[in-house]
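Input: a single structure, listed below in C-alpha coordinates.
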(Lines of atoms letter the chains of each structure in order from A and count residues from 1; the text may use other names and numbers.)
(Lines give C-alpha, C1' and ligand atoms only; values in the text may rest on other atoms or scores of the structure.)
Protein backbone atom coordinates (compact mmCIF):
# COMPACT_ATOMS: atom_id res chain seq x y z
CA UNK A 1 0.00 0.00 0.00
CA UNK A 2 1.38 3.37 -0.97
CA UNK A 3 1.56 6.08 1.60
CA UNK A 4 0.40 9.63 0.99
CA UNK A 5 3.73 10.90 1.82
CA UNK A 6 5.60 12.63 4.49
CA UNK A 7 2.69 14.83 5.63
CA UNK A 8 0.04 12.14 5.96
CA UNK A 9 -0.18 12.46 9.74
CA UNK A 10 -0.56 16.23 9.58
CA UNK A 11 -3.29 15.90 6.92
CA UNK A 12 -5.23 13.42 9.03
CA UNK A 13 -4.85 15.61 12.13
CA UNK A 14 -6.14 18.63 10.19
CA UNK A 15 -9.12 16.61 8.97
CA UNK A 16 -9.85 15.44 12.50
CA UNK A 17 -9.43 18.78 14.26
CA UNK A 18 -10.65 21.32 11.70
CA UNK A 19 -12.81 19.88 8.95
CA UNK A 20 -14.77 17.31 10.99
CA UNK A 21 -15.98 19.84 13.63
CA UNK A 22 -16.85 22.34 10.87
CA UNK A 23 -18.90 19.72 9.04
CA UNK A 24 -20.69 18.64 12.23
CA UNK A 25 -21.50 22.25 13.09
CA UNK A 26 -22.75 23.03 9.59
CA UNK A 27 -24.87 19.92 9.21
CA UNK A 28 -26.41 19.59 12.67
CA UNK A 29 -25.64 22.30 15.18
CA UNK A 30 -26.05 25.55 13.24
CA UNK A 31 -29.87 25.44 13.04
CA UNK A 32 -30.16 24.35 16.67
CA UNK A 33 -27.99 27.21 17.89
CA UNK A 34 -29.90 29.70 15.72
CA UNK A 35 -33.19 28.56 17.22
CA UNK A 36 -31.73 28.67 20.72
CA UNK A 37 -30.56 32.27 20.27
CA UNK A 38 -33.96 33.20 18.85
CA UNK A 39 -35.70 31.73 21.91
CA UNK A 40 -33.37 33.60 24.26
CA UNK A 41 -34.09 36.86 22.43
CA UNK A 42 -37.84 36.27 22.72
CA UNK A 43 -37.46 35.52 26.44
CA UNK A 44 -35.60 38.81 26.91
CA UNK A 45 -38.33 40.66 25.03
CA UNK A 46 -41.05 39.09 27.18
CA UNK A 47 -39.14 39.83 30.39
CA UNK A 48 -38.72 43.48 29.35
CA UNK A 49 -42.41 43.78 28.51
CA UNK A 50 -43.43 42.33 31.88
CA UNK A 51 -40.99 44.47 33.83
CA UNK A 52 -41.80 47.74 32.01
CA UNK A 53 -44.27 49.70 34.19
CA UNK A 54 -44.58 52.49 31.60
CA UNK A 55 -47.16 50.55 29.60
CA UNK A 56 -50.73 51.70 30.23
CA UNK A 57 -53.08 49.32 31.96
CA UNK A 58 -55.26 47.31 29.67
CA UNK A 59 -58.71 48.76 29.20
CA UNK A 60 -61.34 46.09 29.68
CA UNK A 61 -63.25 45.40 26.51
CA UNK A 62 -66.92 46.24 26.51
CA UNK A 63 -69.03 43.11 26.31
CA UNK A 64 -72.38 42.72 24.60
CA UNK A 65 -75.38 43.39 26.77
CA UNK A 66 -77.95 41.74 24.49
CA UNK A 67 -78.00 37.99 24.86
CA UNK A 68 -78.83 36.55 21.46
CA UNK A 69 -78.36 32.91 22.38
CA UNK A 70 -80.23 32.69 25.70
CA UNK A 71 -83.14 34.94 24.77
CA UNK A 72 -83.71 33.46 21.32
CA UNK A 73 -82.51 36.36 19.17
CA UNK A 74 -80.23 34.02 17.29
CA UNK A 75 -83.08 31.59 16.67
CA UNK A 76 -85.35 34.42 15.43
CA UNK A 77 -82.79 35.68 12.92
CA UNK A 78 -82.07 32.09 11.89
CA UNK A 79 -85.78 31.45 11.33
CA UNK A 80 -86.06 34.51 9.06
CA UNK A 81 -82.99 33.49 7.06
CA UNK A 82 -84.09 29.85 6.82
CA UNK A 83 -87.54 30.81 5.55
CA UNK A 84 -86.01 32.86 2.72
CA UNK A 85 -83.64 30.14 1.54
CA UNK A 86 -85.67 26.97 2.13
CA UNK A 87 -83.41 25.69 4.92
CA UNK A 88 -85.01 23.86 7.84
CA UNK A 89 -83.89 24.27 11.48
CA UNK A 90 -83.61 20.73 12.84
CA UNK A 91 -82.24 21.48 16.32
CA UNK A 92 -81.28 24.49 18.41
CA UNK A 93 -79.53 23.73 21.72
CA UNK A 94 -78.42 26.73 23.79
CA UNK A 95 -76.39 26.19 26.95
CA UNK A 96 -74.20 28.16 29.32
CA UNK A 97 -70.53 27.31 28.89
CA UNK A 98 -68.96 29.45 31.60
CA UNK A 99 -70.05 32.15 34.00
CA UNK A 100 -67.96 34.59 35.99
CA UNK A 101 -68.66 37.49 38.32
CA UNK A 102 -69.33 39.94 35.50
CA UNK A 103 -69.63 37.85 32.33
CA UNK A 104 -71.47 34.89 30.86
CA UNK A 105 -70.28 32.74 27.98
CA UNK A 106 -73.10 31.03 26.14
CA UNK A 107 -72.88 28.44 23.37
CA UNK A 108 -75.52 27.28 20.90
CA UNK A 109 -75.49 24.20 18.72
CA UNK A 110 -77.59 24.68 15.61
CA UNK A 111 -78.41 21.91 13.15
CA UNK A 112 -79.78 22.97 9.77
CA UNK A 113 -81.02 20.77 6.93
CA UNK A 114 -81.28 21.57 3.23
CA UNK A 115 -79.32 21.75 0.01
CA UNK A 116 -75.64 22.59 -0.07
CA UNK A 117 -75.92 26.03 -1.71
CA UNK A 118 -78.80 27.24 0.53
CA UNK A 119 -76.92 26.05 3.63
CA UNK A 120 -73.81 27.97 2.57
CA UNK A 121 -75.88 31.10 1.85
CA UNK A 122 -77.59 30.84 5.25
CA UNK A 123 -74.26 30.42 7.03
CA UNK A 124 -72.82 33.43 5.20
CA UNK A 125 -75.83 35.61 6.09
CA UNK A 126 -75.66 34.48 9.71
CA UNK A 127 -71.99 35.36 9.99
CA UNK A 128 -72.59 38.78 8.45
CA UNK A 129 -75.70 39.62 10.49
CA UNK A 130 -74.37 38.52 13.90
CA UNK A 131 -71.04 40.25 14.58
CA UNK A 132 -71.58 39.83 18.34
CA UNK A 133 -71.37 36.04 18.03
CA UNK A 134 -68.32 33.94 17.25
CA UNK A 135 -68.80 30.96 14.97
CA UNK A 136 -66.58 28.18 16.36
CA UNK A 137 -67.11 25.32 13.95
CA UNK A 138 -69.25 24.00 11.16
CA UNK A 139 -69.70 20.42 10.04
CA UNK A 140 -71.54 18.97 7.09
CA UNK A 141 -72.86 15.44 7.18
CA UNK A 142 -75.25 13.33 5.16
CA UNK A 143 -78.10 11.72 7.10
CA UNK A 144 -79.83 8.73 5.52
CA UNK A 145 -83.35 7.69 6.43
CA UNK A 146 -84.31 4.68 4.43
CA UNK A 147 -83.87 5.58 0.78
CA UNK A 148 -83.86 9.31 1.35
CA UNK A 149 -80.80 11.28 2.36
CA UNK A 150 -80.45 14.87 3.48
CA UNK A 151 -77.53 17.18 4.07
CA UNK A 152 -77.19 18.63 7.57
CA UNK A 153 -75.02 21.50 8.74
CA UNK A 154 -74.04 21.66 12.42
CA UNK A 155 -72.89 25.08 13.64
CA UNK A 156 -71.40 25.95 17.03
CA UNK A 157 -71.80 29.61 18.02
CA UNK A 158 -70.59 31.42 21.16
CA UNK A 159 -71.37 34.81 22.65
CA UNK A 160 -69.71 36.59 25.56
CA UNK A 161 -72.06 38.94 27.39
CA UNK A 162 -72.20 41.11 30.51
CA UNK A 163 -74.04 39.67 33.44
CA UNK A 164 -77.23 41.59 34.21
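In this note's numbering, the protein residues as written are 3 to 166.
By construction, the Cβ of each residue, glycine as well, lies at the ideal position given by its N, Cα and C atoms.
As the structure is a prediction and not an experimental result, all values here were calculated from the model.
Candidates 52, 112 and 45: closest to residue 91 by CA position = 112
message = Taking 8 Å as the limit between beta carbons, can you name the residues of its chain near residue 151, skipping five residues before and five after?
response = 144 and 145
inquiry  = Quick check: what's the CA-CA separation for residue 89 versus residue 129?
reply    = 16 Å
inquiry  = Within the continuous beta strand (DSSP E) that includes residue 110, where are the two ends?
reply    = 105-116
query = In terms of residue numbering, what span does the beta strand (DSSP E) encompassing residue 136 cover?
reply = 136-147
task = Would you identify the three-state DSSP class for residue 130, choosing helix, strand or coil?
result = helix
message = Taking only three categories from DSSP, how would you classify residue 28?
response = helix
ask   = Within 10 angstroms of its Cβ, does residue 114 collect 16 or more other Cβ (buried), or is it exposed?
value = buried
query = Expressed to the nearest angstrom, what Euclidean distance is found between the alpha-carbon atoms of residue 3 and residue 42?
reply = No answer about residue 3 holds up, because its pLDDT of 44 lies below 50 and its placement is not dependable.
key: Three-state class that DSSP yields for residue 8 in the structure shown   = coil
key: Supposed close pair residue 158, residue 139 - CB separation, criterion 8 Å   = 5 Å
message = Assuming residue 160 and residue 99 are in contact, meaning their beta carbons sit under 8 Å apart, how far apart are those beta carbons, in whole angstroms?
response = 7 Å
query = Going along the chain, which residues of its own chain have a beta-carbon closer than 8 Å to the beta-carbon of residue 105, five neighbours each way excluded?
reply = 65, 162, 163, 164 and 165
ask   = If we count the other Cβ atoms within 10 Å of its Cβ and call it buried at 16 or more, is residue 71 buried or exposed?
value = buried
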